[in-house]
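Going by the numbering used here, the first residue of the sequence shown is number 3, and it counts up by one from there. The block underneath contains the structure these notes are about, expressed in structure tokens.
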Amino acid sequence: MSVTLTERLSHLPENRRRELERIARILFDEFEDVQKSRLSDTEKGGRILKLLLFSPLARCDWVEGRENDGRSEYNLLVVVTTETFADPRFWYRGIDRFLRELTVTRHLATPVNFIVHSVTDLNKQLAYG
């Protein structure tokens, strides 16, 4: 059974779901754009395999307005195909875009933090516990 982003985030208010959809689109778009500008074939063809939300907002019992909740930031794990694409130089544009969207255009109301790991590294880390 396939579950959509909207279904997985159904415990969040509509504005939070829209914001997360925007964040996902920014990550995918910026990752694609930076690959287009690369000269080496080894720096092309990467893919984002998964985006995992692991902030308090990911909890199904999260409720807006709880004490100490404020505007909880979004913490995301980005899983990519290979270690090459986990390199920070592939993600500077995304970081810059999130800062602009938060502070200049104000299209985002919530700070975004993300870490990037290859699927191989993630599986190794999970195996180690």
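Beta carbons are placed, not taken as given, at the ideal position from N, Cα and C, and that holds for glycine.
- Counting of Cβ neighbours within 10 angstroms places Leu22 among the buried residues, the total reaching 16 or more.
- Per DSSP, reduced to three states, the secondary structure at Lys38 is helical.
- DSSP places Lys126 in the helix class (H, G or I) of the three-state scheme.
- Excluding five sequence positions before and after Ile28, the CB atoms of its chain that fall closer than 8 angstroms to its own CB belong to Gly96, Arg99, Phe100 and Glu103, given in chain order.
- Rounded to whole angstroms, the separation of the alpha carbons of Lys38 and Gly47 is 9 angstroms.
- In this structure Phe92 does not touch Asn77 by the C-beta definition: roughly 19 angstroms separates them, more than the 8 angstroms allowed.
- Residue range Ile50 to Leu55 is occupied by the beta strand (DSSP E) that includes Leu55.
- Here His119 has Leu79, Val80, Val81, Val82, Ala88 and Gln127 as same chain residues with Cβ atoms under 8 angstroms from its own Cβ, once five neighbours each way along the sequence are excluded.
- No residue range can be given for Leu110, since it is assigned to no alpha helix (DSSP H) and is classified by DSSP as neither H nor E.
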